[in-house]
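Student:
2 protein chains.
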Amino acid sequence: MEQILPHLDSVFSIDCVLFGFDGKELKILLIERNEEPFKDWWALPGNIVGPDESLDQSASRILYELTGLRGIFMEQYYAFGDPHRHPQGRVITLAYYALIRLGGDKELRPISTYAKRANWLPITDLPKLAFDHQKIYDKGLEKIKRRIKHQPIAFELLPEKFTLTQLQHVYELVLEKKLDKRNFRKKIIGFGVLKELDEKQKGVSYRAATLYRFDKRKYAKLFGKEISF
Amino acid sequence: MEQILPHLDSVFSIDCVLFGFDGKELKILLIERNEEPFKDWWALPGNIVGPDESLDQSASRILYELTGLRGIFMEQYYAFGDPHRHPQGRVITLAYYALIRLGGDKELRPISTYAKRANWLPITDLPKLAFDHQKIYDKGLEKIKRRIKHQPIAFELLPEKFTLTQLQHVYELVLEKKLDKRNFRKKIIGFGVLKELDEKQKGVSYRAATLYRFDKRKYAKLFGKEISF
DNA sequence: ATATAGTGTGTATTTTTTACACTAAGTAAT
DNA sequence: ATTACTTAGTGTAAAAAATACACACTATAT
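So the protein sequences, as listed, match chains A and B. According to the numbering used here, the residues represented by the first sequence are 1 to 229, in order. According to the numbering used here, the residues represented by the second sequence are 1001 to 1229, in order.
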């Protein structure tokens, strides 16, 4: 980082914390940088906002370029603009988080053109991050912890059909605490946004659980109203 | 707005919704624009972020230039970046809200150099706003409604010493609903962030109410924990 | 002294949250 | 077919929190 780098006069970028859930762990997608500064460091995926893109569009594009996915739930959560956060000049960045179901049908293989490689890494064991990305990540995790308590976003991390145990598992991972099974079910069913299906889980070597689907119409009614975990 | 205006290539600005409370009403500070575009329209105060300013610093500066106040509680809440939100070019703006006690000792006379005039206008009767400022304001109000429910920020709108009735009044105005006096007191005192003073309200033509002060130390402990109204 | 206007207080009821443990169902191995 | 194993699925009692509700007190103004 001692070498001479071009100076960026003033740039506006977006950085994304892509949370993925594979049924077991919460992971985020990180890229290994191929350029100075912070060459060989892991970093959050991000890019400069294009002249004709809205902010949400830009975030979606970054996600698409990296994962090939569209239509993913994303939300901006904080702008980071310390004058010295980027060694090459003034870069103000807006952070987004996304919630992604991993490993359903096809393996989600990140395609990255602008980095050495990209990997889904479990949040319990993250490497040191470039720039102020640790701070950005921390704030992102904090954000989804709050959000999941008050709005039904946990579904975004699950396949279309899921069991109540899987759903509970997501809550436990994000909130970092154990929940009581009976109370959890009482509460989540009480919200009335789940539709019980006539279908059972398959391929498990024990009693198969009932599958549920998330009911978008009821969800729309609930949205805005405060729920609480 | 049909005249030829200089084109802004790409600008990053901050706009502020300054909420003020004068003991009776919630108001916001608006400026009347003196320049195209939107000449003579009312707008939220805002400015371009300087090259060596952090975002918070920039917001504080805008507030200071307009009101002469420092040390006011401000928080960023949303970035607006529609490519066409500004007719002269790409202007991405980060919105802040601030909470200000009005009309205590001295009248708060806004000083505005870059506008025809500035005024505190009651939120119940706002004029049409320039650009997408109505949207920015709406989202700001929504934000403080949520915030006041979960974190003790209502104090920021009140003088240092205040009565419980005044505090309740703030909650009622922001949440736009009536609250029960006894239950309100039970709850707010239960949080343990208020210190009862040996002092009474003055200058009222009825039984004077006990004054309270906000206890910063206890507040610090509570902060982060979720409270709920 | 009287009228006025807001202060300050307690309890019973309902609702919500929490804590807690066993049987049922399906699979796998023998 | 029996058994062992693993997770699914269910109810109730106790505690805590939220709500609904009304009147006596006190300072001031006339």
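Idealized CB from N, CA, C, for every residue including glycine. Source: prediction; values computed, not measured.
Within the continuous alpha helix (DSSP H) that includes Asn1183(B), where are the two ends?
Tutor: Counting from one through the second sequence, the residue named residue 1183(B) turns up at place 183. Here the alpha helix (DSSP H) through Asn1183(B) covers 1181-1191.
Student: For a test of the three-state rule: what should DSSP assign to Ile1111(B), helix, strand or coil?
Tutor: Numbered from its first residue, the second sequence carries residue 1111(B) at position 111. It is coil, neither helix nor strand.
Student: In terms of DSSP beta bridges, what is Ser1013(B) paired with?
Tutor: Counting from one through the second sequence, the residue named residue 1013(B) turns up at place 13. Bridge partners of Ser1013(B): Ile1048(B), Thr1093(B).
Student: Indicate whether Arg213(A) and Glu160(A) have their beta-carbon atoms separated by less than 9 Å.
Tutor: By one-based count along the first sequence, residue 213(A) stands at place 213. By one-based count along the first sequence, residue 160(A) stands at place 160. For Arg213(A) and Glu160(A), yes; Cβs fall inside 9 Å.
Student: Classify Arg1117(B) as helix, strand or coil using the three-state DSSP reduction.
Tutor: Numbered from 1 along the second sequence, position 117 holds the residue referred to as residue 1117(B). Looking at Arg1117(B) - three-state DSSP - the assignment turns out to be strand.
Student: Below 7 Å on C-beta distance, what does Val91(A) contact in chain B?
Tutor: The count along the first sequence starts at 1 and reaches residue 91(A) at position 91. Within chain B, no residue comes near Val91(A); the closest Cβ sits about 10 Å away, beyond 7 Å.
Student: Within 10 angstroms of the Cβ of Gln1166(B), are there 16 or more other Cβ atoms? Answer buried if so, exposed if not.
Tutor: For this step, residue 1166(B) is matched to residue 166 along the second sequence. Burial call: buried.
Student: Which residue spans inside the stretch 190-224 of chain A form an unbroken beta strand (DSSP E) run of at least 3?
Tutor: Segments of the beta strand (DSSP E) lying fully in the stretch 190-224 of chain A: 194-200, 210-214.
Student: Measure the CB-CB distance between Leu66(A) and Ile72(A) and report whether it falls below 9 Å.
Tutor: Taking the first sequence and counting its residues from 1, one reaches residue 66(A) at position 66. Taking the first sequence and counting its residues from 1, one reaches residue 72(A) at position 72. Going by C-beta atoms, Leu66(A) is not nearer than 9 Å to Ile72(A).
Student: Among Asp1132(B), Glu1032(B), His1133(B), Asp1022(B), which one has its Cα closest to the Cα of Ile1111(B)?
Tutor: The sequence position of residue 1111(B) within the second sequence is 111, counting from 1. Comparing Cα-Cα distances from Ile1111(B) to each of Asp1132(B), Glu1032(B), His1133(B), Asp1022(B), the minimum goes to Glu1032(B).
Student: Using a Cβ-Cβ cut-off of 9 Å, state whether Val49(A) counts as contacting chain B.
Tutor: Reading the first sequence from its first residue, position 49 is the one you call residue 49(A). Yes, Val49(A) counts as interfacial toward chain B.
Student: What did DSSP end up calling Phe1155(B) once you bin it into helix, strand or coil?
Tutor: On the second sequence, position 155 is the one that residue 1155(B) refers to. Three-state result, Phe1155(B): helix.
Student: From the DSSP output, in three-state form, read off Leu1099(B) for me.
Tutor: Numbered from its first residue, the second sequence carries residue 1099(B) at position 99. Strand.
Student: Would you mind stating whether Leu94(A) and Ala1059(B) have Cβ atoms separated by less than 9 Å?
Tutor: Counting from one through the first sequence, the residue named residue 94(A) turns up at place 94. Counting from one through the second sequence, the residue named residue 1059(B) turns up at place 59. The answer is no: Cβ separation not under 9 Å.
Student: Excluding the 5 residues preceding and the 5 following Phe1012(B) in the sequence, name in chain order all residues of the same chain whose CB lies nearer than 6 Å to its CB.
Tutor: By 1-based counting over the second sequence, the position of residue 1012(B) is 12. Counting only Cβ-Cβ distances below 6 Å, and skipping sequence neighbours, we find Val1049, Ile1092.
Student: Give me the Cα-Cα distance between Gly1103(B) and Asp1198(B), rounded to the nearest whole angstrom.
Tutor: Counting from one through the second sequence, the residue named residue 1103(B) turns up at place 103. Counting from one through the second sequence, the residue named residue 1198(B) turns up at place 198. Distance between the alpha carbons of Gly1103(B) and Asp1198(B): 24 Å.
Student: Which word fits Lys1128(B), buried or exposed, when buried means at least 16 other C-beta atoms lie within 10 angstroms of its C-beta?
Tutor: To locate residue 1128(B), count along the second sequence from 1; it is residue 128. Answer is exposed; the Cβ neighbour count stays below 16.
Student: Mapping DSSP to helix, strand and coil, what is Ala130(A)?
Tutor: Here residue 130(A) refers to the residue found at position 130 of the first sequence. If DSSP states are grouped into helix, strand and coil, Ala130(A) belongs with coil.
Student: Ordered along the chain, which non-local residues of its own chain (more than five positions away) have a Cβ less than 7 Å from that of Lys1195(B)?
Tutor: Translated into positions along the second sequence, residue 1195(B) becomes position 195. Cβ neighbours of Lys1195(B) beyond the five flanking positions: Tyr1212, Arg1213, Asp1215.
Student: Cα-Cα, which of Thr1210(B), Arg1217(B), Ala1220(B), Ala1130(B) is closest to Gly1046(B)?
Tutor: Taking the second sequence and counting its residues from 1, the one referred to as residue 1046(B) is at position 46. That would be Ala1130(B), whose Cα lies nearest to the Cα of Gly1046(B).
Student: Where does Gln1088(B) fall in DSSP's three states?
Tutor: By 1-based counting over the second sequence, the position of residue 1088(B) is 88. Here Gln1088(B) sits in coil by DSSP.
Student: Using the rule of at least 16 other Cβ atoms within 10 Å of the residue's Cβ for burial, across every protein chain shown, is Tyr96(A) buried or exposed?
Tutor: The residue labelled residue 96(A) in the question sits at position 96 within the first sequence. It is buried - the Cβ of Tyr96(A) has at least 16 other Cβ atoms within 10 Å.
Student: Using 8 Å for Cβ pairs, my map puts Leu1030(B) next to Ala1118(B). What's the rounded Cβ distance?
Tutor: By one-based count along the second sequence, residue 1030(B) stands at place 30. By one-based count along the second sequence, residue 1118(B) stands at place 118. Contact flag correct, Cβ pair sits at about 7 Å.
Student: Step through the CB atoms of chain B and report whether any lies within less than 9 Å of the CB of Lys177(A).
Tutor: Looking up residue 177(A) in the first sequence gives position 177. By this cut-off, Lys177(A) is not an interface position.
Student: Where do the ends of the alpha helix (DSSP H) carrying Ile28(A) lie?
Tutor: Working through the first sequence from its first residue, we reach residue 28(A) at position 28. Note, Ile28(A): premise wrong, no alpha helix (DSSP H); beta strand (DSSP E) at 26-32.
Student: Answer with yes or no whether the minimum CB distance from Ala1154(B) to chain A is below 9 Å.
Tutor: As a working mapping, residue 1154(B) is identified with position 154 in the second sequence. False, the Cβ-Cβ gap to chain A never drops below 9 Å.
Student: Using a Cβ-Cβ cutoff of less than 6 Å, which residues in the same chain neighbour Asn1034(B) once the five nearest sequence positions on both sides are dropped?
Tutor: Translated into positions along the second sequence, residue 1034(B) becomes position 34. Hits under 6 Å: Ala1115, Lys1116.
Student: Indicate whether Leu164(A) and Ile100(A) have their beta-carbon atoms separated by less than 9 Å.
Tutor: In the first sequence, counting from the first residue as 1, residue 164(A) sits at position 164. In the first sequence, counting from the first residue as 1, residue 100(A) sits at position 100. No. Outside cutoff.
Student: Quickly, what does DSSP pair Gln1057(B) with across the bridge? List them, please.
Tutor: To locate residue 1057(B), count along the second sequence from 1; it is residue 57. Gln1057(B) is not bridged to any residue.
Student: Considering Cα atoms alone, identify which of His169(A), Trp120(A), Arg147(A) is closest to Asp180(A).
Tutor: Here the question's residue 180(A) lines up with position 180 in the first sequence. Minimum Cα distance to Asp180(A) is reached at His169(A).
Student: With DSSP as the reference, label Lys1161(B) as helix, strand or coil.
Tutor: Mapped onto the second sequence, residue 1161(B) falls at position 161. Strand at Lys1161(B).
Student: At which residues does the beta strand (DSSP E) containing Val1035(B) begin and terminate?
Tutor: Residue numbering aside, residue 1035(B) sits at position 35 when the second sequence is read from its first letter. The sequence as given places Glu at residue 1035(B); Val does not occur at that position. Looking at the DSSP string, Glu1035(B) is not in any beta strand (DSSP E), and its letter there is neither H nor E.
Student: Are Glu53(A) and Pro1083(B) close, meaning C-beta to C-beta below 9 Å?
Tutor: Along the first sequence, one-based indexing puts residue 53(A) at 53. Along the second sequence, one-based indexing puts residue 1083(B) at 83. Against a cut-off of 9 Å, the Cβ pair of Pro1083(B) and Glu53(A) comes out as a contact.
Student: Provide the residue span of the beta strand (DSSP E) that contains Lys1073(B), from first to last.
Tutor: Numbered from its first residue, the second sequence carries residue 1073(B) at position 73. With the sequence shown as reference, residue 1073(B) is identified as Phe, and Lys is not the correct amino acid for it. 1073-1080 is the span of the beta strand (DSSP E), which, as asked, contains Phe1073(B).
Student: Using a threshold of 9 Å, state whether the C-beta atoms of Val174(A) and Ala98(A) are closer than that.
Tutor: On the first sequence, position 174 is the one that residue 174(A) refers to. On the first sequence, position 98 is the one that residue 98(A) refers to. Not a contact, by the Cβ cut-off of 9 Å.
Student: Name the one or two DSSP bridge partners that Trp42(A) has.
Tutor: Along the first sequence, one-based indexing puts residue 42(A) at 42. In DSSP, Trp42(A) forms a bridge with Glu32(A), Leu129(A).
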